[in-house]
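Numbering (the numbering used here), first residue to last: 9 to 1135.
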């Protein structure tokens, strides 16, 4: 008895057979389901035409049995593939009904010659094995191996035996019979499993492969907690949890976490020679499943490298599964297999359905046709014709974006110094290896707890015996204790303690210290706290990330009509080579994570994004600077600055020349506001006194005593901040400590923005005066005249400049980067194109220094170059490099120019001074707008601005923007009709001359983020998030050669002429002693930074991240020390 699947072809179902036990092998024509329009005929199709007219084929049919749960047999991919399989002349498909599989003995199951059977939930694998023994069909997927696939331990064992790369792992078996396999020691930031140590982040997987509750644990330095992955429910595949300790019941595999830049690769084999690969967003990133307009998870086919194809072959053969899915992690230039899923099909890919049916059909025919005497030879067909994408039009192609960005809005940074001599402090210093370099940084919760314990102990002793031997000042110990107890818990990002060994005690008493001096060694304890990213800072970073997308071309298909979606598409199709670096300060790391969240349209907590997307770059001085180890030049400049600012008289002409030799308009303006520096400091001091007394009065008022200020600060803490500044600003001698001016400006800027509703009097006057003082002191601390500015800038920036130079050089050599599969690239208009993005998040010192190098390093001659002169005038008028300041370098390639010509690669320099200040919108210096090369080229184009020939693609119709893109009076904006073009945004006015055009790229209006919620009686949520100045173009027609030679010259002059600078740099490198994710510690303290690589140098594959040792044949003066810039 047979029941044909006869709903007709109209509804798209194949007409194959649902089988039952009394089938025989030959039968009427409806059984073999031969459809017209045959794709898969053997070579004999001509001779068989007549037989087709007739109803009785003489050849025996090959029956392919499908034995699986109904949900799988009737799934769309299975239906699509079987429909195609039926088109083979001699193949009939029989689907085993689920009730037969579950309830009938195997003797009664339908007969078949070839069996496709696989385990899923509820499937009786034992019965399928028994059936295979009984009937001995050809097995497409081996059944016994499917027992192993259900156990992750066995999967890893088999992978290891095959020599396939796996993440480092250890198995914790909670088995009472095998206690030796159950040793788990849990530390705060690591676990030790049977002797193997796994520092966080690490992954914890249940040993049963059917259990999808995989947890990832994050280090406290990134915010702790864990990400819990599970089988997709709706649009979620994971959720963040604050729980940081591992599970205590059940057996698990622990493995190191692989930094994959937020994408996973799923590979699907059909036999050892065919593999289809797709990228999807990693479920660990934010747990939100990306779905397209039809609600399907968005995935992109990707190209596998030769090594990965070999891995696919090995997996397919080792597990004896012809149809097999497995997961690849691409990290640090290698590919690791982390999961083998057994039988699985690609969803929603017509090409895959064609290929899969073709490969399976050919396999069945090759194995079985001879014994059935069926005439069959495998059709020879050119597989996978390589499609070479071409670019037409003279538009330039964006190849590389490099941005150096200052962190977002933060709480005021605070610092307390005390000299300590108690043996307990010395013991702590020795315990953590402080004597090696004479310095120690304590940031980990456990270390801070030890400092707190010492402080509590000493205070307790002081309380009992006032005359005891404890020299540490009680008030300082109390402050140390208060700050360390501040949040009720330690999060490594908030506070740090630095200890410096002073062999002969503190040299001189500063304003804070008593004059009681003592001989003998001591430790200088510096406690730093505050300086965390505020909710407003997060919003700024995320908004900027979102706006940054608009610099990238494209946005087709599902993304059409959304500005900036070209980047999302680039990224998810592996054509975007993105690396985000951040210095090791918490606020900088969190800014980078929030920016990545906006840039890549992620959701949820920042911790998982931070761990996966942001690389620490702290040990090669790339983005960190130890502010304590100032260069001689900086010491001189500071002393000189103090001397000028201590004169109790109006600034004379000579002072203007001394203090502002570069004639910078912003400096001259500030000096005019100040007139007499000492009188201005007197005013500032009086205003601070008035402020602290106002806060004290508030504290006495019971109504406002427990008022919550912004970011859960209390009035008490606010008073502590200001009283400390009041004490420190005016020294005992009556002179002012100029180095406190930036801190005063910092505090008043914070309070005017976030705590303005307290209504304290005169804060705006204090803001105005301290800002004028800070506008002199801050930039001039980085050098007063040009040589000093360059000298100091080089001390900070040489490693970063070398890295930028490498980024620009390597762009046109990225042949080995993961590519998108060309056959799938019809919707993707430029499958071969790669854009490399390198984002460097850092603090003010690096941004000031880098800008100094571009301004004063001799990049261009302002006399000859009008555009550069305008740029320098604009930079001179910018008074402050505020939070989120950006320096952006963009590299374009003109494919129509000769590859060796200087005009082939073209560099642009853009800049934004970051967040807008609290007032004076009127005094903002105006630049000349954002003018990328694409805008300049508009008139030369007939096909305006398209990167590719659009004849085959429907051009994107842009929807109107939901938010205005900084509607400045002088440039009304609309989004260009073709988002495929480089001008993501362009002028509306058609009759503009192209030279004069400019446009604004980034939105200046910032939405309130959902993260900033209104809370209780305070006003946490009321603080407005100030918007960010749009990018201004400094120059848009530099050649790559020009920039490359400039960077080389700057780096070389630093290494030759500035031995002092190098010495300071070496101290700077040594001070970064904590290990980091992907950097390597230099073995010696005498450090020399390598020269830039020679011109003939070719990099390795640009996707690689070198995790140790030099990545290039750099020339190194001292052979013992080499620096590797991970790519």
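Just so you know, even glycine gets a beta-carbon here, dropped at the ideal spot from N, CA and C.
Residue 538 (DSSP reduced to helix, strand or coil) = As a working note, residue 538 is residue 530 in the chain shown. Of the three classes helix, strand and coil, the one that applies to residue 538 here is strand, per DSSP.
For residue 325, which of 350, 343 and 586 has the nearest alpha-carbon?
-> The residue given as residue 325 occupies position 317 in the chain shown. Measuring from the Cα of residue 325, the nearest candidate turns out to be 350.
Just the Cα atoms here: how many angstroms apart are residue 419 and residue 176?
-> Walking along the chain shown from the start, residue 419 turns up at place 411. Walking along the chain shown from the start, residue 176 turns up at place 168. Residue 419 and residue 176: Cα-Cα distance of roughly 40 angstroms.
Hey, quick one: how far does the alpha helix (DSSP H) through residue 434 stretch, first residue to last?
-> In the chain shown, counting from the first residue as 1, residue 434 sits at position 426. That run of the alpha helix (DSSP H) goes 431-439.
The segment 405-418 contacting the segment 734-742, beta-carbon criterion three pairs below 8 angstroms | no
Tell me residue 70's beta-bridge partners as DSSP assigns them.
-> Residue 70 sits at position 62 when you count from the first residue of the chain shown. DSSP output for residue 70 lists 99 as bridge partner(s).
Would a C-beta distance cut-off of 7 angstroms place residue 212 and residue 262 closer than the cut-off?
-> Here residue 212 is taken as the residue at index 204 of the chain shown, counted from 1. Here residue 262 is taken as the residue at index 254 of the chain shown, counted from 1. Cβ atoms of residue 212 and residue 262: closer than 7 angstroms.
Do residue 279 and residue 367 come within 7 angstroms of each other at the CB atom, strictly closer than that value?
-> Stepping through the chain shown from its first residue, residue 367 is reached at position 359. Stepping through the chain shown from its first residue, residue 279 is reached at position 271. A contact, by the Cβ cut-off of 7 angstroms.
Could you tell me whether the Cβ atoms of residue 849 and residue 590 are closer together than 7 angstroms?
-> For the purposes of this step, residue 849 is identified with residue 841 of the chain shown, where counting begins at 1. For the purposes of this step, residue 590 is identified with residue 582 of the chain shown, where counting begins at 1. Yes, the Cβ-Cβ distance between residue 849 and residue 590 is below 7 angstroms.
Can you grab the Cα-Cα spacing for the pair residue 194 / residue 225, in whole Å?
-> By one-based count along the chain shown, residue 194 stands at place 186. By one-based count along the chain shown, residue 225 stands at place 217. Between residue 194 and residue 225, the C-alpha separation is close to 12 angstroms.
Excluding five sequence neighbours on each side, which residues of the same chain lie with their C-beta closer than 6 angstroms to the C-beta of residue 1108?
-> Here residue 1108 refers to the residue found at position 1100 when the chain shown is read from its first residue. Any reading at residue 1108 must be qualified, since the residue scores a pLDDT of 32, below 50, and its modelled position is unreliable; the value itself is stated next. Contacts found: none.
DSSP three-state call for residue 700: helix, strand or coil?
-> Residue numbering aside, residue 700 sits at position 692 when the chain shown is read from its first letter. Residue state, collapsed to three classes: helix.
For the alpha helix (DSSP H) holding residue 91, just list the boundary residues, first then last.
-> Looking up residue 91 in the chain shown gives position 83. Start and end: 84-93.
Rounded to a whole number of angstroms, what is the C-alpha to C-alpha distance between residue 229 and residue 507?
-> Walking along the chain shown from the start, residue 229 turns up at place 221. Walking along the chain shown from the start, residue 507 turns up at place 499. Roughly 20 angstroms between the two C-alpha positions.
Pick helix, strand or coil for residue 44, following the three-state DSSP scheme.
-> As a first step, residue 44 must be located in the chain shown, where it is residue number 36. The pLDDT assigned to residue 44 is 33, lower than 50, so where the model puts this residue is not dependable; a value taken from the coordinates is nonetheless given after this. DSSP places residue 44 in coil when its eight states are reduced to three.
Nearest CA to the CA of residue 733: which residue from 748, 92 and 231?
-> Here residue 733 corresponds to residue number 725 of the chain shown, with the count starting at 1. Selected option, being the one with the closest Cα: 748.
Shortest alpha-carbon distance to residue 706 belongs to which of 650, 766 and 760?
-> One-based indexing of the chain shown puts residue 706 at position 698. The shortest C-alpha separation from residue 706 is found at 766.
Using the Cα positions of residue 99 and residue 341, report the straight-line distance between them to the nearest angstrom.
-> Taking the first residue of the chain shown as position 1, residue 99 is located at position 91. Taking the first residue of the chain shown as position 1, residue 341 is located at position 333. Approximately 44 angstroms, taken between the alpha carbons.
Thinking just about the alpha-carbon of each residue, which of 348, 79 and 1033 is nearest to the one in residue 128?
-> Translated into positions along the chain shown, residue 128 becomes position 120. Closest by alpha carbon: 79.
Assigned exposure category for residue 817 - 16 Cβ within 10 Å defines buried = What you label residue 817 is simply residue 809 of the chain shown in a count that begins at 1. Residue 817 comes out buried.
Could you tell me whether the Cβ atoms of residue 600 and residue 588 are closer together than 7 angstroms?
-> Numbered from its first residue, the chain shown carries residue 600 at position 592. Numbered from its first residue, the chain shown carries residue 588 at position 580. Cβ distance < 7 angstroms, so residue 600 and residue 588 count as in contact.
Run through the segment 1030-1058 for me and flag every whole beta strand (DSSP E) of 3 or more residues, listed as ranges in chain order.
-> 1040-1047
Between which two residues does the beta strand (DSSP E) containing residue 416 stretch?
-> Taking the first residue of the chain shown as 1, we reach residue 416 at position 408. Counting along the chain, residue 416 falls outside any beta strand (DSSP E), and DSSP gives it neither H nor E.
So, using beta-carbon positions, are residue 852 and residue 645 closer together than 7 angstroms?
-> As a position in the chain shown, residue 852 is number 844, starting the count at 1. As a position in the chain shown, residue 645 is number 637, starting the count at 1. Going by C-beta atoms, residue 852 is not nearer than 7 angstroms to residue 645.
Residue range of the unbroken alpha helix (DSSP H) whose run includes residue 854 = What you label residue 854 is simply residue 846 of the chain shown in a count that begins at 1. Where residue 854 is concerned, the enclosing alpha helix (DSSP H) stretches over 852-864.
Of all the options 161, 889 and 256, which has the alpha carbon lying nearest to the alpha carbon of residue 787?
-> Taking the first residue of the chain shown as 1, we reach residue 787 at position 779. The residue with the shortest Cα to Cα distance from residue 787 is 889.
Residue 934 - DSSP class collapsed to helix/strand/coil = Taking the first residue of the chain shown as position 1, residue 934 is located at position 926. Looking at residue 934 - three-state DSSP - the assignment turns out to be coil, as it is neither helix nor strand.
Extent of the continuous alpha helix (DSSP H) run through residue 332 = As a position in the chain shown, residue 332 is number 324, starting the count at 1. Run containing residue 332: none in the alpha helix (DSSP H); it sits in the beta strand (DSSP E), 331-339.
Check whether the Cβ atoms of residue 227 and residue 260 sit closer than 7 angstroms, and answer yes or no.
-> Indexing the chain shown from 1 puts residue 227 at position 219. Indexing the chain shown from 1 puts residue 260 at position 252. Against a cut-off of 7 angstroms, the Cβ pair of residue 260 and residue 227 comes out as no contact.
Can you name, in chain order, every residue of its own chain whose Cβ lies under 6 angstroms from the Cβ of residue 1017, other than the five neighbours on each side?
-> Taking the chain shown and counting its residues from 1, one reaches residue 1017 at position 1009. Note that residue 1017 has pLDDT 35, beneath the 50 cutoff, so the model's placement of it is unreliable and the number below is only indicative. Excluding positions up to five away in sequence, the list reads 547.
With DSSP as the reference, please indicate the residues paired to residue 480 in a beta bridge.
-> Numbered from its first residue, the chain shown carries residue 480 at position 472. Its beta-bridge partners do not exist; DSSP assigns none.
Can you grab the Cα-Cα spacing for the pair residue 605 / residue 618, in whole Å?
-> Sequence index remark: in the chain shown, residue 605 carries index 597 (1-based). Sequence index remark: in the chain shown, residue 618 carries index 610 (1-based). If you take the alpha carbons of residue 605 and residue 618, they lie about 9 angstroms apart.
Closest by CA to residue 858, which one among 939, 873 and 806?
-> Residue numbering aside, residue 858 sits at position 850 when the chain shown is read from its first letter. Per the Cα distances, 806.
Between the segment 682-690 and the segment 648-655, do three or more beta carbon pairs fall short of 8 angstroms?
-> yes
Determine the direct distance from the alpha carbon of residue 210 to that of residue 963, and round the result to whole angstroms.
-> Position 955 of the chain shown, counted from the first residue, corresponds to residue 963. Position 202 of the chain shown, counted from the first residue, corresponds to residue 210. Because residue 963 sits at a pLDDT of 30, beneath the cut-off of 50, its placement in the model cannot be relied upon, and the following sentence gives the value as read from the coordinates. Distance between the alpha carbons of residue 963 and residue 210: 45 angstroms.
Taking the beta strand (DSSP E) that residue 292 falls in, what are its first and last residues?
-> As a first step, residue 292 is located in the chain shown; it is residue number 284 there, counting from the start. Note, residue 292: premise wrong, no beta strand (DSSP E); not H, not E.
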